[in-house]
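Notes to accompany the following structure.
Protein chains in written order, with the numbering used here: chain D, 1 to 257; chain A, 1001 to 1553.
What follows is the structure in structure tokens.
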């Protein structure tokens, strides 16, 4: 088993923290790993990435070759797209949709989202929204980590253990915020997977997922079915577009009429 | 035996501690910074009796380390590749005088220039100094080789250079640690003459270094990391591969099972094992040389391309890229293997822009540049500002475009003097507090002696920020006193606060000093916003140290 993961974002977004949590979870799962990262000047608001390589055999290379990554995990939507050349044709992108605009020529958001939402295997969440709901905007990265967890080749609980270990000394409030953030992200991605399995088209799902204010637990099955039914109707795509453009968070049980 | 996940740099640090170092010194520089950082953290956390400090610069750090070695104890010194240029003088001569206690010089190269101005290869320095070099390929070897390097240094009485590269220094994996060794008892050698490099002694010491080369070569020929694998003969000779250090990681993945069709010589210990290379060449139809950094091995083996008995393929021959980092894909291309197809997303290029690093929000450097730029626009819009190395180097690019040279650490003041001597008139330069104490003091002494008409801006933010917040050797009033001590008249040492609120005062001060012909130093003093907490802690430590009357022995 080989699983290559690119963790990315902008300097200061907690990219390396996330990679560290994943490393220890991999180690806890008894798997081999190699993780390379960029330090130094790049951390001043520049693009930051870490390559995490997971295997049941010892890992040789510190770098991920073109077209071989199984997932790009990003805290920023444009940064997610930066690493597409590393992704396998059947690779996943898991990303926050909240843009970090610190360059003058940042692309127009509509154009950016259109390209992002055309990615066939995508989990796009509004991590800023869910982080605030979990108790702190600082746990934005943990939301995205949660959204990736069910795709990773080791048990989700191992990441939760690492979150407890890492944030334990910062107090119960921080631990809870991180666990909630993580579980909201996880609920989002499992909800997304269920919708795709139910036949909802990927670009439709991509626009709905970021607008749902997930709870820190799985969305009940009856609600999943209700969403599948609603989005499978003829106007599903149009509804998704409308929900996304409205920009407002809705509760998982507020299935639109 | 215990297992833990370590960064390459951290594995070196743990290797040094477990090898029984009594001290460590370093100057921060990406990608080497975490070595000393990890030693300091580990020593503090476990209350170990290991001393040391962030030195003023790399030359000083190596001299400090040499002092430890002279006193019979083990010491590690770490720096980035260009740092070894600064420390070249003590490094070359430490090989001549030889060591006493084990001395390991860890140098982290930066192929691809992630955070550097060149990609020089430190193996040349080891070769130049006739010192052995160990080149690990993974984190476990970082740990093991560091431990071994100390034994080698003591056995043959030479400094050992450990060469890391960015992808090893800043990559993590699992490392198994072994039982720590006790520290040496401090002791001097009976006859110190080899440490007194007067010509008479130096000739003897150099002869001894030349003598050691035979033992070093034997060491390298016998080293298990320099492993030669000759495949069973087939009808025709098989091609061979010479691979060193980190490149081994990429090669294994690029070739996979096909590696079995090649004769193979791995290199991780220098001087080059020439007998094994000879065996590889005799057994092979042609040789691929795969190495990270300069074509160091290829240059020797191919005799600059003059050797025609075998085809040698590598970076000099153009089969591998001459610049930048290697990768498994670069090696696949070299061997004619297919590259995987990536996911294709239409329109991707239209929504992707570069995101270069920028100065932080509310950074004092931004305010310094804004004030300087505005005054220059009044006086001489064509003026060029000599620059230096630090976060403030980011002021060279848009939107500030506030400095127009960046050569090496501490170069701004010397270059400004040169521009004046070239007849370009009054010249300005910017240098940070860390870089100023690293290597800006000597050129400022020249400027003061000559009363050269330069305006030196010392951007004093109280920290070495770019590498992650290491302490500077001097800040605040210490900087003023240093500048005054070098001979700059007190009335032309001006202090401004780079902030939007104080902009008028800053600009007025600059105007006044521009109106004066002679050397002026304008200190833009405001603490780094990103490392405010660290600066506060460091200042407290500094104050406490002042209260201790004598540094205990």
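Note that beta-carbon positions come from the ideal geometry of N, C-alpha and C, so glycine has one too.
| query | result |
| --- | --- |
| So that I know if they touch, is there some Cβ in chain A lying closer than 9 angstroms to that of residue 171 (chain D)? | no |
| Using a C-beta cutoff of 9 angstroms, does residue 44 (chain D) count as contacting chain A? | yes |
| Over the uninterrupted beta strand (DSSP E) stretch that includes residue 44 (chain D), give me the two end residues. | Residue 44 (chain D) -> no beta strand (DSSP E), and no H or E assigned at all. |
| Let me make sure I understand the geometry here. Which of A:1092, A:1504, A:1468, A:1462 has the alpha-carbon closest to that of residue 1474 (chain A)? | A:1462 |
| State the Cα-Cα distance for the pair residue 1311 (chain A) and residue 1340 (chain A), rounded to the nearest angstrom. | 29 angstroms |
| Label residue 1552 (chain A) either buried or exposed according to how many other C-beta atoms from any shown protein chain fall within 10 Å of its C-beta, with 16 as the threshold for buried. | Any reading at residue 1552 (chain A) is ruled out, since the residue's pLDDT is 48, under 50, leaving its predicted position unreliable. |
| Use the C-beta contact count for residue 15 (chain D): other C-beta atoms within 10 angstroms, 16 or more gives buried, fewer gives exposed. | buried |
| Could you pull the start and end residues of the alpha helix (DSSP H) that residue 180 (chain D) belongs to? | 172–197 |
| With which residues is residue 1240 (chain A) paired in a DSSP beta bridge? | A:1263, A:1287 |
| Does the beta carbon of residue 68 (chain D) sit closer than 9 angstroms to a beta carbon anywhere in chain A? | yes |
| Could you confirm whether any beta carbon from chain A is found closer than 9 angstroms to the beta carbon of residue 85 (chain D)? | yes |
| Cβ of residue 1544 (chain A) less than 9 angstroms from any chain D Cβ? | no |
| Measure the alpha-carbon distance for residue 1286 (chain A) versus residue 1431 (chain A) and round it to whole angstroms. | 51 angstroms |
| How big is the Cα-Cα spacing for residue 1399 (chain A) and residue 118 (chain D)? | 34 angstroms |
| For a contact meaning CB atoms closer than 7 angstroms, what does residue 106 (chain D) contact in chain A? | 1353 |
| Comparing alpha-carbon positions, which option in D:17, D:44, D:50 lies nearest residue 6 (chain D)? | D:50 |
| Using a Cβ cut-off of 9 angstroms (strictly closer), state whether residue 1528 (chain A) contacts chain D. | no |
| Scan the stretch 23–41 of chain D for residues whose Cβ lies nearer than 8 angstroms to a Cβ of chain A and list them as they occur along the chain. | 23, 24, 27, 32, 33, 34, 35, 36, 37, 38, 39, 40, 41 |
| Hey, could you find the ends of the alpha helix (DSSP H) residue 1067 (chain A) is sitting in? | 1058–1070 |
| In chain D, which residues lie less than 7 angstroms from residue 1167 (chain A) when you measure between Cβ atoms? | 36, 62, 63 |
| Would you tell me roughly how many angstroms separate the C-alpha atoms of residue 1338 (chain A) and residue 1332 (chain A), rounded to the nearest one? | 7 angstroms |
| If you count every other CB in all the chains shown that lies within 10 Å of the CB of residue 1416 (chain A), and 16 or more means buried, which is it? | buried |
| Can you grab the Cα-Cα spacing for the pair residue 162 (chain D) / residue 21 (chain D), in whole Å? | 6 angstroms |
| If you compare alpha carbons, which of A:1135, A:1269, A:1068, A:1315 is closest to residue 1188 (chain A)? | A:1068 |
| By Cβ distance below 7 angstroms, which residues in the same chain neighbour residue 1275 (chain A) in space, the five residues on each side in sequence not counted? | 1221 |
| What does a CB cutoff of less than 7 angstroms around residue 31 (chain D) pick up in its chain, not counting 5 residues either side in sequence? | 54, 55, 56, 154 |
| Looking only at its chain, what residues have a beta carbon closer than 6 angstroms to the beta carbon of residue 1419 (chain A), apart from the 5 residues adjacent to it on each side? | 1427 |
| Give, in chain order, every residue of the stretch 1469–1502 of chain A whose Cβ lies closer than 9 angstroms to some Cβ of chain D. | none |
| Kindly provide the ranges of any beta strand (DSSP E) runs that are 3 or more residues long and lie completely inside the stretch 1080–1121 of chain A, ordered along the chain. | 1103–1109 |
| Give every residue of the same chain whose Cβ lies closer than 6 angstroms to the Cβ of residue 289 (chain D), excluding the five residues on either side of it in the sequence, and list them in chain order. | Only positions 1 to 257 of chain D appear in the structure, and residue 289 (chain D) is not among them; the question remains open. |
| Kindly list, in the order they appear in chain C, the residues whose Cβ is closer than 8 angstroms to that of residue 102 (chain D). | Absent from the structure is chain C; the protein chains it does hold are D and A. |
| Using the beta-carbon count (16 or more within 10 Å), is residue 84 (chain D) buried or exposed? | buried |
| Does the beta-carbon distance from residue 125 (chain D) to residue 104 (chain D) come in below 9 angstroms? | no |
| Buried or exposed for residue 1535 (chain A), please, with buried defined as at least 16 other CB atoms from any protein chain shown within 10 angstroms of its CB. | buried |
| Whole alpha helix (DSSP H) runs in the stretch 1331–1374 of chain A with 4 or more residues, listed along the chain? | none |
| Can you pull the chain A neighbours of residue 118 (chain D), defined as C-beta to C-beta under 8 angstroms? | 1345, 1346, 1347 |
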